[in-house]
DNA sequence: CGCACTTAGTTCCTTGAGGGAACCCTTAAT
DNA sequence: ATTAAGGGTTCCCTCAAGGAACTAAGTGCG
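Chains as they are written, first to last, in our numbering: chain L, 234 to 383; chain H, 234 to 383.
So this is what it looks like as structure tokens:
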């Protein structure tokens, strides 16, 4: 747990932070995305403390981002993404885009994405759900919504 | 500073985390986006400790996400988004979308975005930069890139 | 001039989360 | 009966977060 409860704030950024804002959480979701699903595998891949890994996994399961699923005959468990968790990957993919652009340096991006639909190496482009044109922060007015505070 | 240096990892998610992964950083960027640019305004709006605010602002300036800009005659400063910082807002907007969908509850989203191009209330939709079709995590193959480790 | 006010930090102290290592428990194979 | 693997717990130490008080530079006012 972080000191501050971001999840309580009337802001979707803060609330999202309440789910994956703690250190390691985003990387755990990434690992599970690419098929690293078991406790020991995660611990080895990330080099995270087992204590913290336990806390993060429990929190992500509580938040309904991950699902703890038994496998095999013995009491063994794997973690899988829920629908909610799968949609969270859109956020991670936009982080990948930004990191690829601004933080890769000479070496170039660590991974590439090939889009099934067109077969091209590509990246995510944020577009308007209504008209399909590019939609960046400068392209919108921010208005109070129904769930606004006071 | 976090205990672990995420910025050193060969992963754009981890590297992005190295820039905005510390508690409060994303909300500071959000505030500056909506026009809250001065130290005391930020401190009052967020309810963050002044010490931590100083640390976060310095870090974001070092990472070239924010720019410290004097205003008026006296030694007073405002923080502004750089180009790098502005592009980071794409990540925040995708967090908004996910938070709006999954964490808003009955009340509905706290804020709405009106797209300049079409005038509609809309949200960001991740699309392929190559073909323009929807591009989510399930729609891609992940391949090693030129900057991959070993 | 002297004082208060504003803005932007800095310093100090306490608490609690992160990291690491060692330990525990269940089931199965030898 | 012993060992190994998987999946955690427990314990301790350190260091960052939070909060409150203090500093410092420049301005306006009486």
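Where a beta carbon is used, it is the ideal one built from N, C-alpha and C, also for glycine.
Residue burial classification, residue i (beta-carbon count within 10 angstroms, cutoff 16)
i	result
residue 373 of chain H	buried
residue 357 of chain H	buried
residue 334 of chain H	exposed
residue 282 of chain H	exposed
residue 346 of chain L	buried
residue 338 of chain H	exposed
residue 321 of chain H	buried
residue 287 of chain H	exposed
residue 251 of chain L	buried
residue 255 of chain H	buried
residue 355 of chain L	buried
residue 304 of chain H	exposed
residue 289 of chain L	buried
residue 318 of chain L	buried
residue 360 of chain L	buried
residue 376 of chain L	exposed
residue 259 of chain L	buried
residue 234 of chain H	Confidence is the limiting factor: at residue 234 of chain H the pLDDT is only 42, short of 50, which leaves the residue's position unreliable, though a coordinate-based value still follows. When all chains shown are included, residue 234 of chain H counts as exposed.
Where the alpha helix (DSSP H) containing residue i begins and where it ends
i	result
residue 300 of chain L	Run containing residue 300 of chain L: none in the alpha helix (DSSP H); it sits in the beta strand (DSSP E), 299-304.
residue 348 of chain H	Not the alpha helix (DSSP H): residue 348 of chain H falls in the beta strand (DSSP E), residues 344-348.
residue 333 of chain H	316-336
Cβ-Cβ separation, residue j to residue i (assumed contact under 8 Å), whole Å
i	j	result
residue 370 of chain L	residue 364 of chain H	Not a contact, Cβ separation roughly 24 Å.
residue 324 of chain L	residue 266 of chain H	The Cβ separation is near 17 Å, so there is no contact.
residue 248 of chain H	residue 275 of chain L	Not quite, the Cβ-Cβ distance comes to about 20 Å (not below 8 Å), so this is no contact.
residue 343 of chain H	residue 381 of chain L	5 Å
residue 302 of chain L	residue 246 of chain H	No, residue 302 of chain L and residue 246 of chain H are not in contact; Cβ-Cβ is about 24 Å, not under 8 Å.
residue 313 of chain L	residue 300 of chain L	5 Å
residue 379 of chain H	residue 340 of chain L	6 Å
residue 257 of chain H	residue 298 of chain H	With a Cβ gap of about 13 Å, residue 257 of chain H and residue 298 of chain H do not count as contacting.
residue 311 of chain L	residue 270 of chain L	4 Å
residue 327 of chain H	residue 327 of chain L	4 Å
Cβ of residue i within 8 Å of any chain L Cβ
i	result
residue 278 of chain H	no
residue 353 of chain H	yes
residue 299 of chain H	no
residue 349 of chain H	yes
residue 317 of chain H	yes
residue 295 of chain H	no
residue 290 of chain H	no
residue 312 of chain H	no
residue 275 of chain H	no
residue 346 of chain H	yes
residue 363 of chain H	yes
residue 308 of chain H	no
residue 366 of chain H	yes
residue 325 of chain H	yes
residue 287 of chain H	no
residue 303 of chain H	no
residue 356 of chain H	yes
Min CB distance residue i to chain H below 8 Å
i	result
residue 376 of chain L	yes
residue 269 of chain L	no
residue 246 of chain L	yes
residue 237 of chain L	yes
residue 283 of chain L	no
residue 320 of chain L	yes
residue 234 of chain L	Low confidence applies here, because residue 234 of chain L scores a pLDDT of 40, under 50, leaving its location unreliable; read the following figure in that light. No, residue 234 of chain L does not count as interfacial toward chain H.
Range of the contiguous beta strand (DSSP E) that encloses residue i
i	result
residue 374 of chain H	373-377
residue 361 of chain H	357-361
| query | Which residue spans inside the region 246-309 of chain H form an unbroken alpha helix (DSSP H) run of at least 4? | reply | 258-266, 272-279, 283-295
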